[in-house]
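Novice:
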Amino acid sequence: MKSHGYAAQDATSPLVPFDFERREPGPKDVVVEIDFCGICHSDIHQARNEWGGSIYPMVPGHEIVGHVTAVGAEVTKFKVGDLAGVGVTVETCMACENCKAGAEPYCTKGMVGTYNARTYDGETTFGGYANNIVAPEHYVYSISPKLDLAAVAPLLCAGITTYSPLRHWGVGPGKKVGVVGLGGLGHMGLKFAHSFGAHVVQFTTSESKIADAKKLGADEVVITKNADEMAKHAGSLDFILDCVSAPHDLNVYLSLLRLNGTLCLVGLPEVPLPVTPFALVTNRHSLSGSMIGGMKETQEMLDYCAEKNIVSDIELTTVQKLPEAYERVVKADVKYRFVIDMKSLKS
32 MKSHGYAAQD ATSPLVPFDF ERREPGPKDV VVEIDFCGIC HSDIHQARNE WGGSIYPMVP
92 GHEIVGHVTA VGAEVTKFKV GDLAGVGVTV ETCMACENCK AGAEPYCTKG MVGTYNARTY
152 DGETTFGGYA NNIVAPEHYV YSISPKLDLA AVAPLLCAGI TTYSPLRHWG VGPGKKVGVV
212 GLGGLGHMGL KFAHSFGAHV VQFTTSESKI ADAKKLGADE VVITKNADEM AKHAGSLDFI
272 LDCVSAPHDL NVYLSLLRLN GTLCLVGLPE VPLPVTPFAL VTNRHSLSGS MIGGMKETQE
332 MLDYCAEKNI VSDIELTTVQ KLPEAYERVV KADVKYRFVI DMKSLKS
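To convert a position in the sequence shown, counted from 1, into the numbering used here, add 31.
#1: I need the boundaries of the alpha helix (DSSP H) containing Gln-233, first residue and last residue.
#2: Note down, in chain order, each residue of its chain lying with its Cβ closer than 6 Å to the Cβ of Ile-271, except the 5 sequence neighbours on either side.
#3: Pro-56 to Thr-139, Cα distance in whole Å?
#4: Within 10 angstroms of the Cβ of Glu-105, are there 16 or more other Cβ atoms? Answer buried if so, exposed if not.
#5: Just to check my reading of the structure: Gly-159 and Ile-95 have Cβ atoms closer than 8 Å, yes? What is that Cβ distance to the nearest angstrom?
#6: So what's Asn-163 in DSSP terms, helix, strand or just coil?
#7: How would you call Arg-54, buried or exposed, if buried means at least 16 neighbouring beta carbons within 10 angstroms?
#8: Indicate the three-state DSSP secondary structure (helix, strand or coil) for Glu-301 in the structure shown.
#9: My parser needs the alpha helix (DSSP H) runs of 4 or more residues fully inside the stretch 153-199; what are they?
#10: Jot down the residue ranges of each uninterrupted beta strand (DSSP E) in the stretch 48-101, minimum 3 residues, whole runs only, in chain order.
#11: In angstroms, rounded to a whole number, what distance separates the CA positions of Cys-3 and Gly-212?
#12: If you measure between the beta carbons of Lys-222 and Gly-248, is that distance less than 9 Å?
#13: For Ala-189 versus Arg-368, is the C-beta spacing smaller than 9 Å?
#14: Determine, using beta-carbon pairs with one atom in the stretch 294-314 and one in the stretch 332-343, whether at least three such pairs fall under 8 Å.
#15: Could you check how far apart the C-beta atoms of Val-119 and Thr-145 are, in whole angstroms? I think they sit under 8 Å.
#16: Beta strand (DSSP E) containing Phe-270: first to last residue?
#17: With three or more C-beta pairs closer than 8 Å as the rule, is the stretch 238-248 touching the stretch 159-168?
#18: How would you write the range of the beta strand (DSSP E) that Tyr-37 sits in, first residue to last?
#19: Counting beta carbon pairs with one atom in the stretch 35-54 and one in the stretch 256-265, are three or more of them shorter than 8 Å?
#20: What's the call for Phe-309, buried or exposed, on a 16-neighbour Cβ count within 10 Å?
#21: Going by the DSSP bridge assignment, what does Gly-209 pair with across the sheet?
#22: Is DSSP giving Thr-348 helix, strand or coil here?
#23: Assign Gly-324 to one of three DSSP states: helix, strand, or coil.
#24: Less than 9 Å between the C-beta atoms of Leu-186 and Cys-274, yes or no?
#25: For Glu-251, does the three-state DSSP call read helix, strand or coil?
#26: What is the C-beta distance between Ser-375 and Ala-182, in whole angstroms, given that I count them as a contact (C-beta under 8 Å)?
#27: What do you get for Asp-41, buried or exposed, if any count of 16 or more other CB atoms within 10 angstroms of its CB means buried?
#28: How should Val-111 be labelled, buried or exposed, when 16 other C-beta atoms within 10 angstroms of its C-beta is the threshold for buried?
#29: What residue from Met-322, Asp-334 and Val-121 has the CA that sits closest to Glu-168's CA?
#30: Name the residue from Asp-66, Ala-39, Gln-77 and Tyr-172 whose alpha carbon lies nearest to the alpha carbon of Pro-300.
#31: Does the Cβ-Cβ distance between Tyr-172 and Gln-330 come in under 9 Å?
#32: Can the beta-carbon of Asp-17 be found closer than 9 Å to that of Leu-318?
Set out below in structure tokens:
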């Protein structure tokens with residue numbers, strides 16, 4: 032199947048136009064013409080090989096929304112013309128304990144990513160900075176027409192990456208919850224935690240984001256550079272969602288947890304973050320991490336967003352402006368997720 036997109040050819044060059052072929056759709060496959068694709072910070076990490084092991088040429092993008100243009104004979108959930116989305120996952124074994132439990136991203140054989148990965152048959156996967164994608168029905172999501180399609184795109188990664196741990200650790204009424212970082216992940220974590228009924232404290236380094244944080248649902252906003260403001264919350268939080276993808280001090284946030292509190296990492300800095308053992312043993316703190324949710328949970332999240340009118344705050348951009356968008360993401364200069372209008376591929 033002929034495809035056209037933008038690809039990284041190596042770790043240091045800008046993304047450039049790239050023609051490639053996807054596999055022909057099989058009986059259980061759905062073909063999606065891509066209308067919008069979000070830019071995740073992990074796109075930049077992988078395009079620049081900051082995590083190691085990158086496969087080139089690489090077409091990034093795993094926040095994909097569009098409309099169905101073809102379905103296989105055995106597909107039951109979709110028909111041509113339907114809105115649909117593809118997220119981070121395109122293949123898992125479907126047979127291990129985790130897959131059977133609906134936790135496909137934790138597949139013991141290994142989750143196959145939408146890009147920068149190899150399928151079980153050895154084919155390289157190419158992502159959503161392109162005009163189309165083909166994926167098995169199991170990994171394709173139904174999208175409600177109630178919501179702005181472009182603003183739905185980041186829900187496929189930033190949305191589910193924050194929704195899943197907040198649900199897993201039971202965030203809701205009566206819980207005091209911290210969200211660290213107000214970016215692509217953090218603003219979604221803030222929206223969800225507020226919607227779930229928790230008392231939400233937003234932690235940010237930027238005084239310029241105080242008004243935005245309150246508008247998005249924060250009950251309190253703490254400037255992390257202010258030691259007195261931080262000290263007021265010592266030993267008081269039930270759960271902290273850490274959304275920062277740059278090096279930072281975890282021990283400071285561990286000290287804010289109450290007895291049995293949990294700090295959960297969803298941001299992915301490219302370097303290890305040191306932790307003092309005393310920060311964990313004091314008040315029996317837990318340091319954890321979480322990836323995206325499984326297919327069922329992701330669809331649940333999308334349905335919840337349609338019901339509650341929750342989408343990402345986005346800036347639309349074009350494939351021609353990818354270098355500028357990447358630099359602004361690294362500088363945290365976007366409110367709060369870039370989304371590529373794939374019509375720009377035709378320019």
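Glycine included, each C-beta is placed from N, C-alpha and C at the ideal position. These numbers were taken from a predicted model, which means no experiment stands behind them.
Specialist: Once the coordinates are examined:
#1: Unbroken run through Gln-233 is the beta strand (DSSP E), 230-235; no alpha helix (DSSP H).
#2: If we look at Ile-271 and ignore the five residues flanking it on each side, its Cβ neighbours are Gly-209, Tyr-284 and Leu-294.
#3: In this structure, the CA atom of Pro-56 is about 26 Å from the CA atom of Thr-139.
#4: exposed
#5: 4 Å
#6: strand
#7: exposed
#8: coil
#9: 180-183 and 189-199
#10: 60-69
#11: No answer is possible for residue 3: it lies beyond the span of the chain, which begins at 32 and ends at 378.
#12: yes
#13: yes
#14: no
#15: 6 Å
#16: 268-273
#17: Taking one beta carbon from each stretch, the stretch 159-168 and the stretch 238-248 have fewer than 3 pairs nearer than 8 Å; the two do not touch.
#18: Residues 33-38.
#19: Touching, no, given that fewer than three Cβ pairs across the two stretches are closer than 8 Å.
#20: exposed
#21: Val-232 and Ile-271
#22: In the three-state DSSP reduction, Thr-348 falls in the strand class (E or B).
#23: coil
#24: no
#25: strand
#26: Not a contact, Cβ separation roughly 17 Å.
#27: exposed
#28: exposed
#29: The shortest C-alpha to C-alpha distance from Glu-168 to any of Met-322, Asp-334 and Val-121 is the one to Val-121.
#30: Gln-77
#31: yes
#32: No statement about residue 17 is possible, as the shown extent of the chain runs from 32 to 378 and does not include it.
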